[in-house]
Amino acid sequence: MPKEKIDGIQLFCLMVLFMFGTAIFLDLGSGAKQDAWIVTILSPITGLLLFAVYYRLYKQYPSLPLTEYVKKILGKYLGSIISYLYIIYFIYIASRVLRDIEELLISSPYAKTSIITLGICMVFALIYAVNLGLEVFARAGVICFAIISVTLFLIIIFYVISDLIHAENLRPVLANGWKPIIKEIFPVNMTVPYGELVLFSMIFPLIKRETKIMKTGSMAIGFVGLYLTINTIVLICILGADLLDRSAFPALAAVGYIQIAGFIQRLDPLIILLIVFLGFIKVGVFFYSAVIGMNNLFKLKPNAFTSYSVGGIICLSSIIIAPSYQSHLDEGLKIVPYTLHIAFQLVIPILLFIVAVIRLKWKEHKI
Amino acid sequence: MRKHGVMFAAFLTAILLSGCWDQRELGEITVVTGMAVDKGEDDKYTLTVEGINATELNNRTASGNAPSIVYSAEGNSLAELTYRVNEGISRHLIYSHMRTLIIGEELAKEGIIDFIDFLERNREIRDDFNILIARGGKGSDVLKVTYQFQKSTSLKLHTQLDTMMKDWGGDPGVRMNDVITAWTAPGRQPVMAAVSIKGDPEAGPSAENMMKVTPDALVILDSLAIFKGDKLEGFLTLEDSRNYLWIQNKINKTSITVKCSESQYMGLRVYDTRTKIKGKLENGKAKINIKIRAEAYIDGTHCNDQFDKAKTYKESGETAQKQINEMVTKTIEKVQEEYGTDIFGFGEVVMRQDYQNFKKVKKSWDEKFAEADINVDTTLIIRRTGIRTKSFLNEVK
Chain A
0 MPKEKIDGIQ LFCLMVLFMF GTAIFLDLGS GAKQDAWIVT ILSPITGLLL FAVYYRLYKQ
60 YPSLPLTEYV KKILGKYLGS IISYLYIIYF IYIASRVLRD IEELLISSPY AKTSIITLGI
120 CMVFALIYAV NLGLEVFARA GVICFAIISV TLFLIIIFYV ISDLIHAENL RPVLANGWKP
180 IIKEIFPVNM TVPYGELVLF SMIFPLIKRE TKIMKTGSMA IGFVGLYLTI NTIVLICILG
240 ADLLDRSAFP ALAAVGYIQI AGFIQRLDPL IILLIVFLGF IKVGVFFYSA VIGMNNLFKL
300 KPNAFTSYSV GGIICLSSII IAPSYQSHLD EGLKIVPYTL HIAFQLVIPI LLFIVAVIRL
360 KWKEHKI
Chain B
0 MRKHGVMFAA FLTAILLSGC WDQRELGEIT VVTGMAVDKG EDDKYTLTVE GINATELNNR
60 TASGNAPSIV YSAEGNSLAE LTYRVNEGIS RHLIYSHMRT LIIGEELAKE GIIDFIDFLE
120 RNREIRDDFN ILIARGGKGS DVLKVTYQFQ KSTSLKLHTQ LDTMMKDWGG DPGVRMNDVI
180 TAWTAPGRQP VMAAVSIKGD PEAGPSAENM MKVTPDALVI LDSLAIFKGD KLEGFLTLED
240 SRNYLWIQNK INKTSITVKC SESQYMGLRV YDTRTKIKGK LENGKAKINI KIRAEAYIDG
300 THCNDQFDKA KTYKESGETA QKQINEMVTK TIEKVQEEYG TDIFGFGEVV MRQDYQNFKK
360 VKKSWDEKFA EADINVDTTL IIRRTGIRTK SFLNEVK
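Residue numbers (numbering that gives the first Met the number 0), protein chains in the order written: chain A, 0 to 366; chain B, 0 to 396.
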């Protein structure tokens, strides 16, 4: 195990950026039309429950990452298979997020650049970051957090100043009852971004002992939930539920309307910059977890070879996973949440938790 | 190893610092400021673009040549045509700074929904241009007319409509998203501003036209085009267009003329106005309450009222209120009776405030709109009277 240590503030920033990830720029809960904000305000609660499960598991094995304690809980063979699957899952999600960023970049500013070029540039930077280790990454996260939160705050102020907020777009509230909202929360909005916190089970052992992980984690989840809710309300007010549903990148569409005194306008590059930042952090954390998982599973010493190969796989598979943007989205919204996310974020951790508790009880009983 | 590293760094610098590979110098592009879409003769559309000649727009470099180039191409999809126009224009066209989109009347009557999708989808085109209808003519003719100050009509119209909207309110301030939302969301039909050519359209496309004090051809803001779905239904007057804006709570400032007695009028400059609409369905009949609140100052009067008394302020205010009520009601009634299409978005209001009842009439809302009870209630407060109190009119010998 590398002996890197990150502290509470770094963890908070990393978690917030990780959850913002791509969520902040996608049309969260838009299936619930003008009630999308109810979705974003409720889904953190489910996220918190999931996070509590991950945290409890970690408490049982405070010095081991997910891929290791699986083996302790389920035995060597079954455990190895599960942790192998987890590594593949991390790599797959990393390439999905990378694809999101590539698609955004290619559909607005880089129309004439080939998609693989963008991927390669991004992955080289990522390999560099991953080789330096998580501590460096976390420190960079704090700086990014400062930049990003200030920018997001400014953008909301700009929205208000340019008189774009039409609060009447929020009505009628609950026009079709609770059904569409529940449908949106479970599973899509529960799993992305909150369920993806399962990844932090890989990182918990690297956190300084004295950090109160549960407290920091809940604060991060609360913060993200609050911001996403404000963001969704603002987007509905600006674009209206229909356009929100139709836009590939609603934040980009909304920012395009900002116009203050004929001077502050055309801020789209700002949003794109933020997306690259956030995407970098998100892919980076997945990437890093896959690498340490792999090193542990195959009992390798930390080396550059693993990160280069995993980086290469992420870059290539980001392009291979889907032939077109729409099929990429379809997979992301209709297939992945129901199969992969539910399995890896919900079913396996809860099963692990139950088995672990039974084992513990059994052991006590024996003694 | 170190040596290799340095060489690799130098190599990367040479590649990465050389700039973007898809860069275009200003000399290689032409900026499109206006676009007109008309019904094609053989195919579905005729697309006309106006590419600006930048040197002519600068006072120092202008030499009196034509300020822009206008070229048309015909085809079935705008997406292809935007590139096909290069059959007549030499440089690569940049569409991101488009200012106006003009749609020919004939095409508008047949429906425009098909090509708007291209404009919304395209990554280069931003949703900040004016959408206009060329009344009684072709959009391409409007684009060709030159003008003294901004030189090209598309730039002129953009500035003109903004000015008009700020000072008086004849332009509905419609952007593409408003039109699309009107099509997709229940309870609203779209409107657009309409322009026409005053004078001889044949004389428009020449540099001489901008040299005259009274141009031979001038594009004027003509009226408000109203739609039913994506088909042009008819036109309302500019006055109606102002009232429309007033109902939409989109007016900044406007002027109204109040009649105080036979052939005597009073000009009021209205500012700080706010409109609130309440709507509900009662026994299947829509009830719409429009509350207008406005402040104003006297901008000129023929009336012999004594404006040094507070009472006169109040009385004049009440006269004005009554007139605004009548004016706005008349506009709504005209639309109800003649067109029966809910351009005011009353359906939207009812949907927001009375969703359960609205759900039942969603499909046939326009019929409900046509027979809705409209009640307009204005509160107008006259605050001041310019820099004079009494008028000299009373003291003329």
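Every residue, glycine too, gets a C-beta built ideally from N, C-alpha and C.
Item	Value
Bridge-paired residues (DSSP) for residue 265 of chain B	B/257 and B/300
Beta carbon proximity, residue 176 of chain B to chain A, threshold 8 Å	yes
Paired residues, beta bridge with residue 170 of chain A - DSSP	The partner list for residue 170 of chain A (beta bridge, DSSP) is empty, contrary to what the question assumes.
Residues bridged to residue 45 of chain B [DSSP beta-bridge criterion]	B/37 and B/73
Same chain, Cβ closer than 6 Å to residue 0 of chain A, five either side skipped, listed in chain order	Reliability of the predicted coordinates at residue 0 of chain A is poor, the pLDDT of 46 falling under 50, and no value is obtained from them.
Residues within the stretch 171-197 of chain A neighbouring chain B, beta-carbon criterion of under 8 Å	171 and 174
Below-8 Å beta-carbon distance, residue 326 of chain B vs any chain A residue	no
Residues of its chain near residue 201 of chain A, where Cβ-Cβ distance is below 6 Å and the 5 sequence neighbours each way are ignored	64, 65 and 288
Residue 236 of chain A classed as buried or exposed, judged by whether at least 16 other C-beta atoms fall within 10 angstroms	buried
Run of the alpha helix (DSSP H) containing residue 55 of chain A, from where it starts to where it stops	35-59
Range covered by the beta strand (DSSP E) that runs through residue 402 of chain B	For chain B, the structure presents residues 0 to 396; residue 402 of chain B sits outside this window and is missing.
Below-8 Å beta-carbon distance, residue 163 of chain B vs any chain A residue	no
Cα-Cα separation between residue 370 of chain A and residue 291 of chain A, rounded to whole angstroms	An answer regarding residue 370 of chain A cannot be provided, because it is not within the stretch 0 to 366 covered by chain A.
Reduced DSSP secondary structure (H/G/I, E/B, other) of residue 30 of chain A	helix
Residue 1 of chain B versus residue 7 of chain B - alpha carbon distance	10 Å
Inter-residue spacing [alpha-carbon to alpha-carbon] between residue 14 of chain A and residue 140 of chain A	9 Å
Separation of residue 126 of chain A from residue 305 of chain A, as counted between CA atoms	10 Å
Burial state of residue 19 of chain B (16 or more Cβ within 10 Å)	exposed
Three-way DSSP call (helix, strand, coil) for residue 400 of chain B in this model	Outside the shown range of chain B (0 to 396) lies residue 400 of chain B, about which nothing can therefore be said.
Check whether residue 42 of chain A and residue 175 of chain A have beta carbons under 8 Å apart	no
C-alpha distance - residue 278 of chain B paired with residue 366 of chain B, whole-angstrom precision	16 Å
Residues near residue 159 of chain A in its chain [Cβ-Cβ closer than 6 Å; skip 5 each side]	none
Buried/exposed call for residue 54 of chain B, threshold 16 Cβ in 10 Å	exposed
Proximal residues, the stretch 193-220 of chain B versus chain A, C-beta separation under 9 Å	none
CB of residue 163 of chain B within 8 Å of CB of residue 217 of chain B, strictly	no
Residue 271 of chain B (DSSP reduced to helix, strand or coil)	strand
Residue range of the unbroken alpha helix (DSSP H) whose run includes residue 278 of chain A	267-296
Burial state of residue 125 of chain B, where buried means 16 or more other Cβ atoms lie within 10 Å	buried
C-beta contact flag for residue 136 of chain A and residue 283 of chain A at 8 Å	yes
CA-to-CA distance, residue 76 of chain A to residue 309 of chain A, given in whole angstroms	23 Å
Contacting residues, own chain, Cβ-Cβ under 6 Å from residue 204 of chain B (five flanking each side not counted)	143
Residue-chain proximity (residue 270 of chain B, chain A), Cβ-Cβ < 8 Å	no
Backbone CA spacing between residue 274 of chain A and residue 100 of chain A [nearest angstrom]	7 Å
Under 9 Å by beta carbon: chain B residues contacting residue 367 of chain A	An answer regarding residue 367 of chain A cannot be provided, because it is not within the stretch 0 to 366 covered by chain A.
Whole-Å CB distance - residue 271 of chain A paired with residue 103 of chain A, under 8 Å assumed	7 Å
Amino acids of chain A, ordered along the chain, whose beta-carbon sits closer than 8 Å to that of residue 351 of chain B	167, 170 and 171
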